[in-house]
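To start, the structure itself, in structure tokens.
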Amino acid sequence: MSLPMAVQILGVNEDGHQQADYNAAGKICDGRDLPFLESGPSDSAWTDWRVTYRDVVVLNADNEVVAVFNLTSHDLADAANHAALRDILTGAAGG
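For the sequence shown, our numbering begins at 850 and goes up steadily by one.
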């Protein structure tokens with residue numbers, strides 16, 4: 850039996866794409882409890898973390914980046930990529 854792990858997921862929208870992504874962002878969050886941050890000029894997580902489109906930025910308990918996994922170059926339809934991301938998340942959660 851596996852124990853539950855503390856994994857939290859947050860979406861971050863790139864600054865300048867709020868209006869263009871409004872409908873898409875609504876669909877992403879619709880019916881879900883996924884927090885979604887609208888990165889902007891005064892709090893630009895997108896810039897601060899130096900992410901590119903479809904990056905999964907994995908943080909540890911101290912909010913330090915421990916891994917970046919891009920979903921464009923690592924399609925989760927590929928079982929090896931899916932397992933790799935799962936292992937990264939599991940490791941970051943202390944499992």
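A virtual CB, placed ideally from N, CA and C, is assigned to each residue, including glycine. Predicted, not measured: the structure shown is a model, and the values here were computed from it.
For the options A929, N919 and V915, the alpha carbon positioned closest to that of A941 is the one of V915. Restricting attention to L886, L934, V907 and R881, the CA atom closest to the CA of V861 is found in L886. With respect to the 8 angstroms criterion, H923 and N912 are not classified as neighbours on the basis of their beta carbons. Judged by their CB atoms, F918 and L934 are nearer to each other than the 8 angstroms cut-off. DSSP places A894 in the helix class (H, G or I) of the three-state scheme.
A Cβ-Cβ separation of about 5 angstroms places E863 in contact with W895 under the 8 angstroms criterion. Taking each of S891, A910 and Q857 in turn and checking the Cα distance to L883, the smallest one comes out for Q857. Closest in C-alpha terms to R881, from the list L859, D904, V900 and S893, comes L859. Here G860 carries a strand assignment [DSSP, helix/strand/coil].
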